[in-house]
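Report on the structure given below.
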Amino acid sequence: MSVETTTESAPAPRKGTNILLGLTLLGLLLALWVALGFATNAFWSPNNISNLLRQGAMTAILAVGQTFVIITAGIDLSVGAIVGFTSVIVAWLLQAGVPLWAAIILTLLMGVAIGAFHGFGIVRMGLPPFIITLATLTSLRGIGLLITNGSTISITHEGFTNFSRADFLGIPSLFWMVILVGIPAFIFLHLSRFGRYLFAVGSNKEAARLSGVNVDRTIYLAYILSATCAAFVGLLLASRIGIGNATQAEGWELQAIASSVIGGTSLFGAVGSVHGPLLGAFILATINNGANLLNVNSFWQRIITGLLIIVIVYFDQLRRRGSR
Numbered sequence: 001m002s003v004e005t006t007t008e009s010a011p012a013p014r015k016g017t018n019i020l021l022g023l024t025l026l027g028l029l030l031a032l033w034v035a036l037g038f039a040t041n042a043f044w045s046p047n048n049i050s051n052l053l054r055q056g057a058m059t060a061i062l063a064v065g066q067t068f069v070i071i072t073a074g075i076d077l078s079v080g081a082i083v084g085f086t087s088v089i090v091a092w093l094l095q096a097g098v099p100l101w102a103a104i105i106l107t108l109l110m111g112v113a114i115g116a117f118h119g120f121g122i123v124r125m126g127l128p129p130f131i132i133t134l135a136t137l138t139s140l141r142g143i144g145l146l147i148t149n150g151s152t153i154s155i156t157h158e159g160f161t162n163f164s165r166a167d168f169l170g171i172p173s174l175f176w177m178v179i180l181v182g183i184p185a186f187i188f189l190h191l192s193r194f195g196r197y198l199f200a201v202g203s204n205k206e207a208a209r210l211s212g213v214n215v216d217r218t219i220y221l222a223y224i225l226s227a228t229c230a231a232f233v234g235l236l237l238a239s240r241i242g243i244g245n246a247t248q249a250e251g252w253e254l255q256a257i258a259s260s261v262i263g264g265t266s267l268f269g270a271v272g273s274v275h276g277p278l279l280g281a282f283i284l285a286t287i288n289n290g291a292n293l294l295n296v297n298s299f300w301q302r303i304i305t306g307l308l309i310i311v312i313v314y315f316d317q318l319r320r321r322g323s324r
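Under the UniProt record's numbering, think of the first position of the sequence shown as 1, with each following residue one higher.
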């Protein structure tokens with residue numbers, strides 16, 4: 001059967017459900033903003049809103065990349081380590097005198113290489129996604145610490161560091177990067193045949209293969225996109241903090257997974273969107289920001305995030321049982 005036929009038969013996300021979920025998440029986000037506006041006078045201050053958008057932006061981009069992988073019924077536990085590692089790479093390249101444009105391209109290519117390695121481990125070596133990405137998580141932290149000798153690398157390139165602190169049309173530049181990633185990601189996932197292939201693989205790999213989908217190539221693509229998004233976030237983080245530090249972004253992989261799941265992506269595969277994880281990331285960022293403003297113990301932030309994941313995955317299981 002031809003590949004063209006597959007693009008029609010492969011499962012795609014239900015538009016009505018995605019729209020309803022998106023509106024629900026947007027309503028929840030707005031409700032949180034209104035409630036925090038009444039609870040504390042500092043929430044609606046320009047500085048706080050700007051910080052909130054910057055805080056949520058990097059998690060949102062990670063969540064988009066993670067979503068591509070989860071839709072295929074996989075997982076990428078390495079994205080936080082990739083962020084820290086690539087912050088070291090770009091800092092090291094800039095310190096060595098590499099032009100900024102070349103340092104950025106080489107850092108992104110590093111993300112492509114890591115994603116391809118994950119694809120190779122899953123497709124060719126037959127390793128579970130959990131194992132290969134967990135191994136990369138620990139390895140990249142170690143490699144980054146070896147490169148820096150356990151220290152950090154300062155970034156003195158003002159054009160690079162000033163970017164993350166700049167605004168455009170009154171909106172932080174980091175938030176514009178969410179739009180820069182989100183629009184093509186939406187087109188790719190929801191309007192292209194390659195996006196349909198991701199859903200097809202997540203639904204049933206063997207059925208997708210029999211329908212003409214190149215399952216191996218689709219898995220490679222999903223993990224390359226995830227790692228490249230993480231490398232891009234590594235660039236943004238290095239720009240924001242002005243150093244390369246292999247220990248940065250610890251635990252961000254869990255934030256990315258949580259944002260994606262809160263945004264409606266099913267951990268069982270074949271269900272997800274782009275706008276859901278973006279909203280999920282900013283819901284988490286709002287909860288964390290509001291908790292800080294209200295002087296709530298940071299441990300409660302983790303508890304709330306964990307409870308949200310449990311509730312959403314539980315209802316996802318109920319939905320799956322009801323659809324059988």
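Glycine residues also receive a C-beta, built at the ideal position from the N, C-alpha and C atoms.
These numbers were taken from a predicted model, which means no experiment stands behind them.
So what does residue i bridge to, in DSSP terms?
i	result
S154	I243
I171	F168
For a quick check, are the C-beta atoms of residue i and residue j less than 8 Å apart?
i	j	result
G37	T152	no
residue 403	I309	Because the chain in this structure spans residues 1 to 324, residue 403 falls outside the shown range and cannot be described.
G242	L25	no
V79	F186	no
G74	L225	no
A231	G111	yes
I71	G269	yes
T133	D216	no
T148	A246	yes
A63	L278	yes
Got a sec, what are the start and stop residues for the alpha helix (DSSP H) residue i sits in?
i	result
A208	205-210
S50	46-71
T113	Before going on, a small fix: residue 113 reads as Ala here, not Thr. Unbroken alpha helix (DSSP H) run through A113: 100-123.
V79	79-95
Q255	252-262
A285	275-293
Who are the Cβ neighbours of residue i in its own chain at under 7 Å, not counting the five residues just before and after it?
i	result
W176	F168
I312	V261, I262
A12	Because A12 carries a pLDDT of 47, less than 50, the predicted location of this residue cannot be relied on, and no value is offered for it.
A57	L174, F175, M177, V178
Q95	I153
G121	L127, I132
Go through its chain and collect everything with a Cβ distance to residue i's Cβ below 8 Å, but skip five positions before and after it.
i	result
S50	D167, P172
L235	T86, S87, V90, I104, T107, L108
N48	A42, N289, L293
R141	A81, G84, F85, A246, T247
Could you name the residues of the same chain whose beta carbon sits closer than 6 Å to that of residue i, not counting the 5 residues immediately before and after it, in chain order?
i	result
D316	S266
G272	T67, I71, T265
Closer than 7 Å: is that where the CB of residue i sits relative to any heavy atom of the ligand NAD?
i	result
G182	For the structure depicted, the ligand NAD is absent and the ligand set is empty, with no information on it obtainable.
Original post:
Quick check: the segment 261-268 against the segment 149-163, are there 3 or more CB pairs under 8 Å?
Top reply: Verdict: no, contact absent.
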